[in-house]
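Participant:
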Amino acid sequence: MPSRKPKPQKSWSMHPSLHDDVARLLATENLSFSFHTVDDDRDCTEDYDTNIMGRFICRNRACSSKGWGSKKIAITIRMYPGEKYNARVYHQRCKDCNWLSRPILDASYADRVAYRIKKWQGIQMETPYFSGESKGPHNRDLCEGCRHGHCEMRDMAWFSRMRI
Numbered sequence: 001m002p003s004r005k006p007k008p009q010k011s012w013s014m015h016p017s018l019h020d021d022v023a024r025l026l027a028t029e030n031l032s033f034s035f036h037t038v039d040d041d042r043d044c045t046e047d048y049d050t051n052i053m054g055r056f057i058c059r060n061r062a063c064s065s066k067g068w069g070s071k072k073i074a075i076t077i078r079m080y081p082g083e084k085y086n087a088r089v090y091h092q093r094c095k096d097c098n099w100l101s102r103p104i105l106d107a108s109y110a111d112r113v114a115y116r117i118k119k120w121q122g123i124q125m126e127t128p129y130f131s132g133e134s135k136g137p138h139n140r141d142l143c144e145g146c147r148h149g150h151c152e153m154r155d156m157a158w159f160s161r162m163r164i
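Right, here's the structure in full:
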């Protein structure tokens, strides 16, 4: 029997299942957007890189990692004509085995996406406080957002190395 090649691991994912959470937050300002399912930035009218929080579980059966939390999950939020948006969430690699892992997201996803759309729509808001102290340095080698040039920590990591 021929051996099956493993599927290539994806560096990012989209989360249309979280659209209802975003829609509820947008409705507070009478905004109604739909989720743009096409993962393409060609027609987007706005885009913004930021970070959200969540948890990762390594799916490599040979790895003993129990998973990890992250306060710096890179995300690119995009807006499209016709009141549509999407968000690309970048994965992270397990520090024990280098396997790519898709995040389990918390409420910061909907909060950040809704906040950015409201800003793009000209709604004046205070910058929200996003709690969550990072328990360690950002590892660019494990962050797919850094690898693809969409992590706001990428330049900070470079800057911190320059200040030795």
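Taking UniProt numbering, the leading residue of the sequence shown gets 1, the next gets one more, and so forth. Cβ coordinates follow ideal geometry from the N, Cα and C atoms, glycine included. Small disclaimer: the values here were computed from a predicted structure and weren't measured.
Residue range of the alpha helix (DSSP H) that R59 falls in?
Facilitator: Per DSSP, R59 belongs to no alpha helix (DSSP H) and is neither H nor E.
Participant: Alpha carbon to alpha carbon, how far is G67 from M53?
Facilitator: Rounded to whole angstroms, G67 to M53 spans 14 Å at the Cα level.
Participant: Tell me where the beta strand (DSSP E) around I123 begins and ends.
Facilitator: Neither: I123 is in no beta strand (DSSP E) and is coded neither H nor E.
Participant: Quick one: is R116 buried, meaning 16 or more other Cβ sit within 10 Å of its Cβ, or exposed?
Facilitator: By the neighbour-count rule (16 or more Cβ atoms within 10 Å), R116 is buried.
Participant: Could you tell me whether the region 87-99 touches the region 142-156, using the rule of 3 or more Cβ pairs below 8 Å?
Facilitator: The region 87-99, when compared against the region 142-156, does touch it at the 8 Å Cβ threshold.
Participant: Quick check on the burial criterion: 16 or more other C-beta atoms within 10 angstroms. Buried or exposed for K7?
Facilitator: It counts as exposed.
Participant: Classify V38 as helix, strand or coil using the three-state DSSP reduction.
Facilitator: V38 falls in the coil class under three-state DSSP.
Participant: State yes or no: is the C-beta of I123 within less than 8 Å of the C-beta of E46?
Facilitator: Not closer than 8 Å, so no.
Participant: Looking at the unbroken beta strand (DSSP E) that takes in L31, where does it start and where does it end?
Facilitator: Premise fails: L31 is in no beta strand (DSSP E) and is neither H nor E.
Participant: From which residue to which residue does the alpha helix (DSSP H) around G145 run?
Facilitator: Run containing G145: E144 to R147, per the alpha helix (DSSP H) assignment.
Participant: If you drop the 5 nearest sequence neighbours on each side, which residues of the same chain put their C-beta closer than 8 Å to that of W99?
Facilitator: Answer for W99: Q9, C58, R59, N60, C63 and R93, listed in chain order.
Participant: For E152 and T37, which I take to be in contact (beta-carbon distance under 8 Å), what is that distance rounded to the nearest angstrom?
Facilitator: Not confirmed; about 25 Å, so no contact.
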